[in-house]
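Each remark here refers to the structure printed beneath this line.
In our numbering, the protein residues as written are 5 to 68.
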């Protein structure tokens, strides 16, 4: 969806339309961990970073 690869602290929209914050990238860059941007709630994971649309990059360095 996005031309920019999502990374930790980015605000994204996942393939199901949910807004989320990327909290971690695990397993040598094969699993992205997401959490709701507000209000707490359960985390979820995706192994398809191309399904994540970056809505607002974190701006905190470029470790992508």
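Ideal placement from N, C-alpha and C gives every residue a C-beta, glycine not left out.
- Between residue 62 and residue 14, the gap from beta carbon to beta carbon is short of 8 Å.
- Pairing residue 49 with residue 35 gives a Cβ-Cβ distance under 8 Å.
- By the CB criterion at 8 Å, residue 38 and residue 26 fall inside the cutoff.
- When DSSP states are grouped into helix, strand and coil, residue 28 belongs to the strand group.
- Taking the Cβ atoms as the reference, residue 21 lies roughly 11 Å from residue 55, outside the contact range of under 8 Å.
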